[in-house]
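Q: Under this note's numbering, the first residue of the sequence shown is numbered 2, with each subsequent residue one higher.
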Amino acid sequence: MVKESGRLRLEVEITLNKVSGIYQALLDSGADNCLLPKRIGLDLGLKIPKKPSGTSHGVGGEVPVKHTRLNIQIGGYKLKSVICLVLYSR
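(1) Runs of 3 residues minimum, wholly inside the segment 20-57: which ones carry the beta strand (DSSP E) assignment?
(2) Over the uninterrupted beta strand (DSSP E) stretch that includes residue 72, give me the two end residues.
(3) State whether the segment 36-49 contacts the segment 78-89, with contact taken as three or more CB pairs (one from each stretch) at a distance under 8 Å.
(4) In the structure shown, what three-state DSSP assignment does residue 78 receive?
(5) Please state the DSSP three-state secondary structure of residue 7.
(6) Compare the Cα-Cα distances from residue 15 to each of 66, 74, 62 and report the closest residue.
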C-alpha cells in the first residue's frame with residue numbers, strides 16, 4: 002500500500018506479455034476491459050492497429066481507442082488473451 006494525496010493506493014507486481022515490472026495502476030475488479038496508455042502498449046510489444054477501432058465511454062466522456070489482446074499475470078493468477086483498449090494518442 003502506498004499513501005498518495007491522503008488516499009491508499011495498492012501497487013502489485015504484474016507481468017504483462019511476459020514483461021515483468023511494477024506499474025502504477027488502478028486494479029478494478031469490476032471492469033469489463035483493460036485500458037493502457039499507448040506508450041505502455043508499445044513498450045510491451047503489443048500489436049496495436051494504426052487507426053482507432055472504437056471508443057471508450059466513461060464519466061469524463063469518450064475517447065478513441067484501439068483494440069488488442071494482452072496476457073496478464075498477477076501472482077499465480079493468469080489471464081490469457083484479455084481484450085485490451087489502448088488509448089489513441091493524436
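Where a beta carbon is used, it is the ideal one built from N, C-alpha and C, also for glycine.
A: If we stick to the structure as given:
(1) Complete beta strand (DSSP E) runs here, min 3: 20-23, 35-37.
(2) Under the DSSP assignment, residue 72 falls in the beta strand (DSSP E) whose first and last residues are 62-75.
(3) yes
(4) strand
(5) coil
(6) 74
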